[in-house]
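Taking it in order: structure first as structure tokens, then the write-up.
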Amino acid sequence: MEQQPKYYIVDSSLLPEVFLKVAQVNRNLQSGICRTIGEATQQVGLSRSAYYKYKDGIKPLFEAATHSIITFNLMVTDEAGVLSVILSVFARAGANILTINQSIPVNGQAAVTVAARTGEMNRPVEQMMSEILAIAGVSRMEILAKE
Numbered sequence: 001m002e003q004q005p006k007y008y009i010v011d012s013s014l015l016p017e018v019f020l021k022v023a024q025v026n027r028n029l030q031s032g033i034c035r036t037i038g039e040a041t042q043q044v045g046l047s048r049s050a051y052y053k054y055k056d057g058i059k060p061l062f063e064a065a066t067h068s069i070i071t072f073n074l075m076v077t078d079e080a081g082v083l084s085v086i087l088s089v090f091a092r093a094g095a096n097i098l099t100i101n102q103s104i105p106v107n108g109q110a111a112v113t114v115a116a117r118t119g120e121m122n123r124p125v126e127q128m129m130s131e132i133l134a135i136a137g138v139s140r141m142e143i144l145a146k147e
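Encoded structure:
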């Protein structure tokens with residue numbers, strides 16, 4: 001009987017260097033920075049055998065989120081237009097927004113929860129989140145749940 005794999009979310013600072021290098025090789029191949037596995041492994045200083053050993057077991061959290069519904073929790077300032085700018089970033093990224101909930105502001109801050117389908121996005125979830133965090137009036141953004 002085949003045992004089901006178990007997955008853990010671990011801060012990258014706690015991972016052995018080999019795992020981080022495998023993730024970098026995957027990014028370099030996917031982005032087109034490197035065209036071959038040999039070129040990519042040489043660039044990051046990793047043996048091809050180590051890459052092949054771990055390549056299928058290491059994926060960034062956001063890559064695993066493709067085709068998922070992700071619920072984001074944000075803290076935003078109570079200013080006209082802030083939520084509109086946030087939603088425009090979701091739209092440009094190709095995220096399909098399913099629900100939006102905003103609390104009544106307290107001390108000039110409101111909690112906003114956005115659930116979105118991420119399968120058709122044209123950029124990584126991590127990049128979209130960075131763009132949203134750069135918006136004036138957004139003080140926090142985190143993933144609350146992933147289905």
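All the letters of the sequence shown, read from the start, carry residue numbers 1 to 147 under UniProt numbering. Backbone N, C-alpha and C define an ideal beta-carbon position, used for all residues, glycine too.
In this structure A50 is in contact with V18, their Cβ atoms being roughly 6 Å apart against a cut-off of 8 Å. For P105, the CB contacts under 7 Å within the same chain, skipping 5 residues up- and downstream, are D78 in chain order. C-alpha of A93 to C-alpha of Q43: approximately 30 Å in a straight line. Within its own chain, the residues whose Cβ lies closer than 8 Å to the Cβ of M128, once the five positions on either side in sequence are excluded, are V89, F90, A93, A95 and M121, listed in chain order.
By the neighbour-count criterion, in which a residue is buried when 16 or more other Cβ atoms sit within 10 angstroms of its Cβ, I33 is exposed.
If you check the CB distance, Q109 and M75 come in under 7 Å.
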